[in-house]
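Protein chains: 2
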Amino acid sequence: MRTKEFNEDEALEKAMQLFWLKGYNGTSMQDLLDGLGLSRSTLYRAYIDKHSLFLKALGHYQQFSSSEIKKVINEGDTAKETVKKLLEFIAEVVVQDQQHKGCFMLNSEIELSLHDKVVHDMVVNSDQDIEDVFYHVLTKGQKRGEISKAEDARAMAKFFLNTAKGIRATAKSNPDKKVFKDIIALAIKALN
Amino acid sequence: MRTKEFNEDEALEKAMQLFWLKGYNGTSMQDLLDGLGLSRSTLYRAYIDKHSLFLKALGHYQQFSSSEIKKVINEGDTAKETVKKLLEFIAEVVVQDQQHKGCFMLNSEIELSLHDKVVHDMVVNSDQDIEDVFYHVLTKGQKRGEISKAEDARAMAKFFLNTAKGIRATAKSNPDKKVFKDIIALAIKALN
DNA sequence: TTGTTTTGGGAATGATTGTTCCCAAAAGAT
DNA sequence: ATCTTTTGGGAACAATCATTCCCAAAACAA
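Residue numbers (my numbering), protein chains in the order written: chain P, 44 to 235; chain G, 44 to 235.
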């Protein structure tokens with residue numbers, strides 16, 4: 044038996060970068076062949092077709108970015124500080140990227156969720172995932188008495204998710220760290 | 044001389060709807076020929092090529108949507124109410140659309156602004172335009188003493204623009220009027 | 001009528017799309 | 001050595017892509 048020569052994870056990572064940068068329709072199979080450095084035969088045998096490869100790449104992104112965000116949950120002494128850290132982290136990620144690719148999940152939502160049921164469901168789940176992170180921190184803060192119980196924690200979680208999506212959208216054409224910092228400071232006022 | 048038979052504005056409107064629904068790369072010239080009901084010769088003579096037609100359609104959208112928003116400036120008795128009306132209007136527009144096309148400018152930002160300088164500039168200008176609407180209302184409110192001068196009006200304007208973009212993004216996969224209402228109510232708290 | 005201009009039909013372009021297939025080379029296992 | 005499996009090269013596919021072109025029909029002005 045011949046051992047596998049190409050690293051599947053490495054190839055998937057490269058595919059993700061390409062789809063992330065140029066979108067689904069903007070990325071051709073030729074782009075992928077060149078980018079991954081694989082032959083047609085190998086690529087099709089490994090990933091079936093373009094659409095399957097895309098879904099796998101998007102799933103890979105979701106797994107990674109979700110776990111990264113959850114690392115931030117334990118940062119900050121108070122719930123309010125943690126919410127701020129979460130938003131700052133989300134902003135930092137898109138600002139740091141020299142290519143301004145934005146958020147791959149948001150990009151896919153805009154480009155495909157209307158006509159691709161699978162992508163649509165992944166987007167909804169991804170949003171719910173982030174919303175739940177905020178919700179978890181907020182309810183904990185309410186129990187501790189750090190955050191008023193006057194406002195519904197679920198509504199606040201949706202609000203912060205919305206702020207995050209705004210930042211991620213703007214990151215495509217106007218990634219400005221200082222502006223995002225101001226936006227986050229104002230968003231945090233919703234906790235007063 | 045033979046009089047022009049096809050209505051240019053009507054055709055442009057149809058082209059805008061198509062690009063809006065399926066994106067630039069997702070819309071083929073054949074889609075446009077079928078959708079506009081024009082012959083190849085006529086379409087190319089009138090609009091030069093696909094990219095030019097797209098830019099014209101996006102410009103048409105920008106003109107229309109900008110003027111619609113500015114109609115709301117005079118609604119509401121206080122600045123705070125006007126800001127709320129502005130956000131509610133932006134949410135209402137995307138929620139009403141049965142097709143969930145979202146915001147054409149935001150869609151184009153995500154799909155093209157990275158690789159298309161003209162689109163990028165249009166997006167930046169469009170964002171600035173909306174930001175300025177908020178800024179105008181906010182500074183007026185500050186002069187009237189309705190809004191605290193502790194916060195920078197420019198920062199607040201960027202914050203509300205960000206909230207609007209979040210709503211417009213989410214409208215693609217999750218247009219929920221009630222959720223948007225909650226989000227807007229919390230965003231308004233930034234004015235306290 | 002003649003002339004001018006607009007439109008549509010349709011053929012033709014060359015490039016690119018995603019995908020399938022065959023076969024030889026490579027690399028390890030036996 | 002043979003066997004098995006993985007990989008790459010490259011041809012081939014039909015479909016679609018954006019675009020150009022020619023010409024006849026249509027509609028108005030003179």
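Built from N, CA and C at the ideal position, the CB exists for glycine as well. Given the structure is predicted, the values throughout are model-derived calculations rather than measurements.
| query | result |
| --- | --- |
| Buried or exposed by the 16-neighbour rule on C-beta atoms within 10 Å, applied to methionine 199 of chain G | buried |
| Below-8 Å beta-carbon distance, phenylalanine 97 of chain G vs any chain P residue | no |
| Reduced DSSP category for phenylalanine 202 of chain G - H, G, I as helix; E, B as strand; rest coil | helix |
| Exposed unless 16 or more other CB atoms sit within 10 angstroms - verdict on aspartate 20 of chain P | Since the displayed chain P opens at 44 and closes at 235, residue 20 of chain P lies outside it and no answer follows. |
| Cβ pair count under 8 Å reaching 3, the segment 158-175 of chain G against the segment 211-219 of chain P | yes |
| Where threonine 85 of chain P falls: helix, strand or coil (DSSP) | helix |
| Endpoints, alpha helix (DSSP H) assigned at glutamate 124 of chain G | 122-139 |
| DSSP three-state assignment for arginine 187 of chain P, whether helix, strand or coil | coil |
| Continuous alpha helix (DSSP H) stretch holding valine 222 of chain P: start and end | 220-231 |
| Partners in chain P for asparagine 117 of chain G, counting only beta-carbon separations shorter than 9 Å | Within chain P, no residue comes near asparagine 117 of chain G; the closest Cβ sits about 25 Å away, beyond 9 Å. |
| Residue-level contact to chain P via CB, methionine 199 of chain G, 8 Å cutoff | yes |
| Cβ separation of tryptophan 63 of chain P and phenylalanine 147 of chain P, assumed to be a contact under 8 Å, to the nearest whole Å | 4 Å |
| Extent of the continuous alpha helix (DSSP H) to which lysine 57 of chain G belongs | 51-65 |
| Chain-ordered chain G contacts of phenylalanine 202 of chain P [CB-CB under 8 Å] | Asp225, Ile226, Leu229 and Ala230 |
| Secondary structure of glutamine 106 of chain P, DSSP reduced to three states | helix |
| N- and C-terminal bounds of the alpha helix (DSSP H) containing asparagine 235 of chain G | Here asparagine 235 of chain G belongs to no alpha helix (DSSP H), and DSSP marks it neither H nor E. |
| Contact with chain G by histidine 163 of chain P, beta-carbon distance below 8 Å | yes |
| Sufficient close CB pairs (3 or more, under 8 Å) joining the segment 167-183 of chain G to the segment 194-210 of chain G | yes |
| Members of the segment 64-98 of chain P near chain G, C-beta cut-off 8 Å | Leu64, Lys65, Gly66, Asn68 and Gly69 |
| Residues of the segment 207-219 of chain G whose Cβ lies closer than 7 Å to any Cβ of chain P, in chain order | Lys208, Gly209, Ile210, Ala212, Thr213, Lys215, Ser216 and Asn217 |
| Chain G residues whose Cβ lies nearer than 9 Å to that of histidine 179 of chain P | In chain order: nothing, as chain G lies at least about 18 Å away. |
| Cβ-based neighbour list, isoleucine 190 of chain P, same chain, cut-off 7 Å, excluding 5 preceding and 5 following | Ala122, Lys123, Leu181, Gly184 and Leu234 |
| Residue range of the alpha helix (DSSP H) that includes glutamine 73 of chain G | 72-79 |
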